[in-house]
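Data first, discussion second: the structure below is written as structure tokens.
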Amino acid sequence: MNPLIQKWLPHVAALLVFLLVGLTYFSPVLEGKRLKQGDLRNFLGMAKEIRDHRAVFEEEPLWTNSMFGGMPAYQIAVQYPGAVLKVVDKAFQLFTPRPLSYVLLYMIGFYILMMAFRVNPWLAIAGSIAFAFSSYYFIIIEAGHNTKAHAIAYMAPTLAGIVLAYRGKYLLGGALTALFVALQIQANHVQITYYFGILAIFYALTEGVRAFKNKDVAGWLKPSALLVVAALLGVMCNFASLYNTWEYGKHTTRGPSELTILPGGESNEEIVTRGLDRDYVTQWSYGLGETWSLLIPNAKGGATGAIGEGSSHLKKASPQFRSNIAGSNQYWGNQPFTSGPVYFGAIVIYLFILGVVMLKGPLRWGILATVVLTVMLAWGKNFMALTDFFLDFVPGYDKFRAVTIILSVTGLAVPLLGVLVVNRWLKHPEELEAAKKPFLITSGALLGLMLLMVLTPGTFFSFLSDLEVDQFGRQMQQSGGQSAMIGQFMDELEKVRMGIFRADAMRSFAFVLGAAAMLFLYMRKTLQPAALIAALGVLVLVDMWSVNKRYLNNEKDRGRYTQWEDPWENLFPHQATAADLSVLNAEVSNRPGLLRMAGDSYAERRSFDEMVQVHEGIVQKTKEEAGIRKRALSEDEKNIAKLSALNFMSNFRVLNINNPFNDGVTPYFHKSVGGYHGAKLQRIQELIDFYLRDEVAGITRVMQDEPTQSKLDFALLRSPILNMLNTRYVIYNPGASPIRNRSALGAAWIVQGVEVVPNANEEMLALQDLDPEDSAVMDARFESYLGETRRFAYDSLASVSITSYKPNELSYDFSSGQEQFVVFSEIYYDAGWQAYLNDEPVDHVRVNYLLRGMKVPAGEHTIVFRFEPAAFHTTARIAMISSWLMLLLVAGGLALVFRGRQSQKSEA
């Protein structure tokens, strides 16, 4: 065979196998289908105003008022200029659609890592599938956590660059490290990149130990320094997004709070960190017993959801309890809820254990240390000694929630060691034969333990969650003579859950036994290397494929896919409800109240009908880009265009009292008081905790207790925070007209006095008794802005009104015979918002804990606020230059490798 063909055949075969596996699993993509993703729907709601602004004005707004009163768009949907790495990213995904692209990227990335370790290419193919099919990696795709999946996919190739650098391929290793660090950060899930750093550090330390033993510390320092430079270059390629995220992060729930009190007035010292609160960080913590799910998928029952009438395990229960048990939760772990377990594969765990026991050298200890540490960190609140240490002393750790995400790094380390030990035996089969005794002991011990779990599961595990134990305990105390029946129900529920556990434990036992048999036959020279690779690969694929199909599958109901849809079905993920249309009709019927549009030629389109035409054009273009042509807009699509037009011609907020602070739907149509985001501004979250949640609860109570207009008006009058946020409508039932809030204070208003308080605690507490229509409260740090003035002269003719709206620019007309103090119902954010008075820049300050305030001199004036973060364009240029430098470095590294091989051929 031609040497060139022989050399490239495994790599081409790898791509073909990956495509075949991916297309077979995600076969609906061949029909043009798209995966339904819950978080994608929320994202489209969050990003609607941003995308509309981009389509109309051909610029990035960088700010949106669609959620939580207003917030920067950096962590929602910002397109940075000159993003040259996007094409490179698509190339690594083979230009395939989601979710196929992510799974291909999982496999290709791990294959690159295997090549860096010089693993047998055919084994590398099997190992890449084993890594990619880890259940967590599929479950996050099903949930719509696309940025997380994207970042995870670039962990393995980033490690490949590091490995190459430490193995003497300095330029190529450095270039690949820079490239994949850049691509990983560009994926925009910094938490994954941060956690990956743990694995990278442990690997570097492993190489350091090796260098120290070989008395070649200088040989370790050289690639280490090179890798630091390469990583910095990768960071600089994303300088714009990282800098602006860092700047924004200081103001979010992931930054420090100025408050030292809780809503009840008590100290928050026990839960506060420099970032997120401890309770919030550890809300999703993996249980100690739940860790067995890495080996047995249903160790804690799988995903949250009812056991169901169709479960074969119900037969184990007494008939009188079956119906109630069928409605009980199949998940009995202690997380609030879960979409499925983190399952690495029974065979993968088995091979990892063999690697720990039998592989020689410091690498196994570095990988083992990574696995142990990441698993213990995933335990979160179940191992607070370690969690507290990291929260208090490890920089950046307190910026991230859901510590279970760190298991994504464990999911890279475990198959890595498993593949390396098999690769060692393929190259040196005599080592496996020589280690027959530890091989048999290790295999027998694992199989014996799993068999004991099958036979006596109650010895090892509880089959009730802590929450259920508490609930059943209270029910038994309050039930009178029914405690015995409740106890019997608990026993029957445990029987069913034991059946669920036993089935999966036996399943994992069978796969481990099969893998052990294949290795034993190879050790006895009955099985050839190619057959061993094929057998292990098939077993791993069958194991993990079948588990993943529980959570992401191609099942149909009445001829339609349950988890897939046509691309146009979810182009516009939310339909306007009767409540939304009622808001639209109420505002449009009062057309004189609609604002003129700000900015360029669009400003001349002042009628609402013209605005609707513009947004209908946007809707039509969106359909055409999805391949839908020459089809008239539906009524739902026309309503979307009308509500989008209204959004740009008005400025008021809407509160949906149905789960308002975890709501991705309302922002799709309105400027919402609530929203859906994991990094909202700290001050709005604190207002939610101190006041807004109670105000929402008060309105809800009225709605549930024979509401009258007077009761509603009174409840809204007693909601000063909602009123100062200009909450004009309250949606309580999507199918009914919303409540009109007559107490909303409007886009801006004049107050007569300003109270200065010494600190954030006092400012927050002062809101409890504040009448925001008459007065404002201000932190003492802004006192110099006021001068000596605390009360302002009353002018019955004074007025301030908003005249035009864009997310990043708001204009107002002001008129008064006296100097006045104006409060604006907009979020104060000094890292970008600049005020102008008659086109001259002026200062403004924060009042009422999070709103904007400004002294305005007597006379008639135009006030404009523009969001102009100076760093945005500067950092974007730096990122673009860095990206081109990095691509040149990669090209240079590849060229030198190619030239080196050509020279070797010439010499030969």
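Numbering (our numbering), first residue to last: 413 to 1320.
Just so it is clear, CB atoms sit at the ideal spot from N, CA and C, and this is done for glycine as well.
Just so it is clear, the structure is predicted and the values come from calculations on it, not from any experiment.
**Study point:** Opening and closing residue of the beta strand (DSSP E) in which PRO1253 lies
**Key:** 1252 to 1254
Exercise for review: Please confirm whether ALA825 and THR782 have their CB atoms less than 8 Å apart.
Suggested key: Against a cut-off of 8 Å, the Cβ pair of THR782 and ALA825 comes out as a contact.
Practice item. Out of LEU431, SER478, SER697, GLN418, state which residue places its alpha-carbon closest to the alpha-carbon of SER1084. Key: SER1084 has its Cα closest to that of SER478, out of LEU431, SER478, SER697, GLN418.
Point to revise | Per-residue DSSP class, three states only, for PRO484 | key: strand
Point to revise | Residues near ASP878 in its chain [Cβ-Cβ closer than 7 Å; skip 5 each side] | key: ASN746
Review point. Buried or exposed: where does ASN997 fall if 16 or more other Cβ atoms within 10 Å of its Cβ makes it buried?
Key: exposed
Exercise for review: Could you please give me the residues that DSSP links to GLN1232 through a beta bridge?
Suggested key: VAL1268
Check your understanding: In this structure, does DSSP put THR664 in helix, strand or coil?
Key -> strand
Check your understanding: Which runs of the alpha helix (DSSP H) fall wholly inside the stretch 944 to 1019 and span at least 4 residues, in chain order?
Key -> 990 to 1000
Exercise for review: With DSSP as the reference, label LEU421 as helix, strand or coil.
Suggested key: helix
Review point. So, helix, strand or coil for ASP1117, using DSSP?
Key: Three-state result, ASP1117: coil.
Check your understanding: For HIS562, does the three-state DSSP call read helix, strand or coil?
Key -> helix
Point to revise | Three-state secondary structure (DSSP) of GLU1221 | key: The DSSP-derived three-state label of GLU1221 is strand.
**Study point:** Assigned exposure category for TRP658 - 16 Cβ within 10 Å defines buried
**Key:** exposed
Check your understanding: Would a C-beta distance cut-off of 8 Å place SER820 and TYR548 closer than the cut-off?
Key -> yes
Review point. So, using beta-carbon positions, are GLY926 and LEU951 closer together than 8 Å?
Key: yes
Point to revise | Bridge partner(s) assigned by DSSP for MET1190 | key: VAL1168
Check your understanding: Between the stretch 709 to 729 and the stretch 515 to 523, do three or more beta carbon pairs fall short of 8 Å?
Key -> no
Exercise for review: Would you mind giving the Cβ-Cβ distance between PHE1226 and HIS1273, rounded to the nearest angstrom? I have them listed as a contact below 8 Å.
Suggested key: 5 Å
Check your understanding: Hey, how far is the Cα of LEU432 from the Cα of ALA425?
Key -> 10 Å
**Study point:** ILE719, DSSP secondary structure in three states
**Key:** coil
Exercise for review: Starting from ALA1160, follow the beta strand (DSSP E) in both directions and report where the run begins and ends.
Suggested key: ALA1160 -> beta strand (DSSP E) spans 1160 to 1163.
**Study point:** Cut-off 7 Å between Cβ atoms - residues of its own chain near TRP420, not counting five sequence neighbours on either side
**Key:** none
Review point. So what's LEU707 in DSSP terms, helix, strand or just coil?
Key: coil
Check your understanding: Rounded to a whole number of angstroms, what is the C-alpha to C-alpha distance between GLY1011 and GLY646?
Key -> Interpretation of GLY1011 is limited by its pLDDT of 48, a score under 50 that renders its predicted location unreliable; the figure taken from the coordinates is listed afterwards. GLY1011 and GLY646: Cα-Cα distance of roughly 37 Å.
**Study point:** Span separating the alpha-carbon of SER895 from that of GLY885
**Key:** 9 Å
Practice item. Helix, strand or coil for GLU1319, going by three-state DSSP, please let me know. Key: Low confidence applies here, because GLU1319 scores a pLDDT of 45, under 50, leaving its location unreliable; read the following figure in that light. Reduced to three states, the DSSP call for GLU1319 is helix.
Check your understanding: Can you name, in chain order, every residue of its own chain whose Cβ lies under 6 Å from the Cβ of PRO709, other than the five neighbours on each side?
Key -> PRO753, TYR755, ASP916, VAL959
Point to revise | Three-pair Cβ contact test at 8 Å for the stretch 1041 to 1048 versus the stretch 1092 to 1101 | key: no
Point to revise | Proximity of GLY609 and PRO979 at Cβ, strictly below 8 Å | key: no
Check your understanding: Which residues in the same chain as THR786 place their Cβ atom closer than 6 Å to its Cβ, once the five residues preceding and following it in sequence are excluded?
Key -> Counting only Cβ-Cβ distances below 6 Å, and skipping sequence neighbours, we find ILE818, VAL821, THR822.
Point to revise | Own chain, CB closer than 7 Å to GLY778, minus 5 neighbours either side, in chain order | key: PHE614, TYR615, LEU617, THR618
Practice item. Rounded to whole angstroms, what's the CA-CA distance from SER669 to GLN1121? Just pull it up for me. Key: 39 Å
Practice item. State the CB to CB distance for the pair HIS557 and ALA599, rounded to an integer number of angstroms; the pair is presumed to be in contact (CB under 8 Å). Key: Distance from HIS557 to ALA599 at the Cβ level is roughly 11 Å; contact not present, criterion being Cβ atoms closer than 8 Å.
**Study point:** Chain-order list of residues whose beta-carbon lies under 6 Å from that of GLY792 (same chain, five-residue window excluded)
**Key:** THR694, SER697, THR799, VAL815
Practice item. Determine the direct distance from the alpha carbon of PHE1081 to that of LYS448, and round the result to whole angstroms. Key: 21 Å
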